[in-house]
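J.: Structure incoming, see below.
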Amino acid sequence: MSSKTPYYITTAISYPNGKPHIGHAYELIATDAMARFQRLDGKDVFFLTGTDEHGQKMQQTARNEGITPEALAERNSNEFRAMGKLLNASNDDFIRTTEPRHHEASQEIWRRMEANGDIYKDSYAGWYSVRDEAYYAEDETEVRADGVRYGPQGTPVEWVEEESYFFKLSAYEDKLLKLYEDQPDFIGPNERRNEVISFVKSGLKDLSVSRTTFDWGIKVPGDEKHVMYVWVDALTNYVTATGYLTDQNGPRAKYWPADAHIIGKDIIRFHAVYWPAFLMSAGIPLPKRVYAHGFLLNKGEKMSKSLGNVVDPVNLVSHFGLDQVRFFFLREVSFGQDGSYSEEGIGTRINADLANGIGNLASRSLSMIAKNLEGKMPEPGPLTDADKAILATADEAIAICREEMGRQQIHKAVGAIMNIVNESDRYFAAQEPWVLRKTDVARMATVLYVTAEVVRQIAILFQPIMPDSAAKLLDLVAVPEEKRSFVYLGEAGRLAPGTELPAPAPVFPRYIAPEADKA
RNA sequence: GGCGGGGUAGCUCAGUUGGUGAGAGCGCAGGAUUCAUAACCCUGAGGUCGGCGGUUCAAUUCCGCCCCCCGCUACCA
């Protein structure tokens, strides 16, 4: 048993009625960076992702393809799993809602909500569009000149009544508002919190939580004609994976409640309203934070199949390189807001920050050590104020990163690390070690030592963002595997004079845009 | 309609508990330099800080009104 503090973080589980797209990749990369950060910072991390495989749409898509929902789920779930591998995601588990463990957990949470008196049977009635397979509110529909009532998508609707179980969401209005009040950090970023509060204040209706019109789902305990509304089942995945519901003393039970659910802004309501209400009802502790990220826009436009601007994450990675893509999204996009990207933008960022910035800094300092100091870390002489200042900048960065990563402000943490790079370049230029080589070799050695030491820290800090590239950088300054966690930042892990360094090699090549025409 | 967020340099954005000169990156122009991945460093570019009005000795920052953009406004997920 470790004495480390548990830290549980999740992505939303993806709906696999299609292949993963860039939005899925973005969420996974960001969550992975946060999980890696906490691990390096000494936490006992459990990082979960997976697929949400039930529901009407899965059944429908499968039918259209002439295959079973199981086959569709299996096929696409594997695509998501493969994407995780491609992106170097460090998730500790990959949950599928079709797994037996999840059916058990979902039925258990249902029973608990029922035992608490929050589930009742009634009938759901509304204007239903067969074509859209969706219900609409009366005011969303209109009766046209032909006397037929149409839904918002322009499809005819009919009045349908369906037997359904309901969850007494209306009973949780005050409790939820109190939650948002007492735990201001429960929802982030703030704009989303406002929206949620506004939504809850406008009044909550009971939620229909079962369906009888299709059967691809988890059976309602004691009434097998019904399957659970997908969201009841989907949200429960976060608890399922910890085993908390079935064995509170199990090996993973300690991870519940989750520290952070990282989701897209489109599903904030399910996570910030329904989910805590379900948990309260079932008597289960609430997650500490739900954080919604924004959408990625292709040159400012929403990606859509009709615009033909959908970007495949696999292509993006093979074109620019994995760490480059990870870096770009985490550096350029304010996490929590929408972000715009383009090939030019990615290329520019890679060259400015990675090639010209961190890569070049490592190269210019390490190559001088290789050429002038026999490739060994020199013994530093007395430190000047300039030396101390740049070391302090590096040493203090972890505090900033910890603060920002703790609030999901990934871009600010990355910005703080990039700041060390920029400061270091200024330091290096001001110290002019290439001049010192002829005038004061001891002083040159000190400058090179200090710079290499700063490179070490930059590399350690960059591990969550760019795991492979940061590792290469750490190899270049001969930091052993076991000394790469955050406890070795600062004084604790200073490079040892006399250490042999490998021959410097470029870690971040410049990106050269293909000659090809740009339409 | 209601609620919320936003309109700041060519582009993407940060920022001001109201006050000596409004910032960063990219792009651009000039300079310096040669350790380095034609990289790095320095300087500049002169933007009515959406519009109108108000409060104040003083507002881009506070208040009111108006214009524009975006999000939320429940049972597909």
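Numbering-wise, our numbering puts 122 at position 62 of the first sequence, and it's gapless, one number per residue. Even glycine gets a Cβ: it sits at the ideal position worked out from N, Cα and C. Given the structure is predicted, the values throughout are model-derived calculations rather than measurements.
1) Could you pull out every residue in the same chain whose Cβ sits closer than 6 Å to the Cβ of Ser166, ignoring the five residues on either side in sequence?
2) Which runs of the alpha helix (DSSP H) fall wholly inside the region 412–498 and span at least 4 residues, in chain order?
3) If you measure between the beta carbons of Tyr75 and Leu356, is that distance less than 8 Å?
4) If you measure between the beta carbons of Leu536 and Pro493, is that distance less than 8 Å?
5) Does the region 134–149 come close enough to the region 175–190 to have 3 or more Cβ pairs within less than 8 Å?
6) Using CA coordinates, which residue listed in Asp206, Tyr225, Ser224, Glu223 is at the minimum distance from Pro216?
7) Assuming contact is defined by CB atoms lying nearer than 8 Å, are Thr121 and Ile73 in contact in what I supplied?
8) Determine the direct distance from the alpha carbon of Gly186 to that of Ile410, and round the result to whole angstroms.
9) Going by DSSP, what residues sit across from His580 in a beta bridge?
10) Can you tell me the Cα-Cα spacing of Phe246 and Thr128, whole angstroms?
11) For the putative contact between Thr273 and Glu221, defined by C-beta atoms under 8 Å, what is the C-beta separation to the nearest angstrom?
12) If you reduce the DSSP assignment to three classes, tell me which class Lys181 lands in.
13) Relative to the C-alpha of Lys64, which residue among Thr70, Leu100, Thr71, Asp104 is closest?
14) Among the residues of its own chain, which have a CB less than 6 Å from the CB of Thr506, if the five just before and after it don't count?
15) Could you tell me which residues DSSP puts in a beta bridge with Asp283?
16) Could you check the C-alpha separation between Asp577 and Ile470 for me, to the nearest Å?
17) For Phe330, I'd like the list of residues in its chain whose CB is within less than 7 Å of its CB, leaving aside the five on either flank, ordered along the chain.
18) Between Ser425, Ala531, Gly177, Glu551, which has its C-alpha nearest Met340's C-alpha?
19) Out of Lys265, Gly211, Ala197, Val190, point me to the one whose CA is closest to Phe226's CA.
20) Since Phe107 contacts Ala95 with CB under 8 Å, what's their CB separation in whole angstroms?
21) Looking at the unbroken alpha helix (DSSP H) that takes in Pro156, where does it start and where does it end?
22) Rounded C-beta distance between Phe380 and Ile406? I'm assuming under 8 Å.
23) Could you work out which residue in Cys461, Lys325, Phe395, Val510 is closest to Leu443 when comparing CA atoms only?
24) Secondary structure at Met526, three-state DSSP: helix, strand or coil?
25) Taking 6 Å as the limit between beta carbons, can you name the residues of its chain near Pro569, skipping five residues before and five after?
26) Would you mind listing the alpha helix (DSSP H) stretches within the region 508–578 that are 4+ residues and don't spill past its ends, in chain order?
27) Could you tell me if Val208 is buried or exposed, where buried requires 16 or more neighbouring beta carbons within 10 angstroms of its beta carbon?
28) Distance, Cα to Cα, Ala320 vs Glu198?
T.: By the coordinates alone:
1) Ile278, Asp293, Thr296
2) The qualifying runs are 420–432, 445–466, 470–491.
3) Against a cut-off of 8 Å, the Cβ pair of Leu356 and Tyr75 comes out as no contact.
4) no
5) no
6) Asp206
7) no
8) 53 Å
9) Given that the chain is displayed from residue 61 to residue 579, the structure contains no residue 580 and the question cannot be resolved.
10) 39 Å
11) No, Thr273 and Glu221 are not in contact; Cβ-Cβ is about 12 Å, not under 8 Å.
12) strand
13) Asp104
14) Pro440, Gly441, listed in sequence order.
15) Val280
16) Since pLDDT at Asp577 reaches only 38, below the 50 mark, its modelled position is unreliable, and the value read off the structure follows with that caveat. Approximately 35 Å, taken between the alpha carbons.
17) Trp291, Leu295
18) Gly177
19) Lys265
20) 4 Å
21) Residue 156 is actually Arg in this sequence, not Pro. Counting along the chain, Arg156 falls outside any alpha helix (DSSP H), though it belongs to the beta strand (DSSP E) covering 153–156.
22) 6 Å
23) Val510
24) coil
25) none
26) Qualifying alpha helix (DSSP H) stretches, in chain order: 527–536.
27) exposed
28) 37 Å
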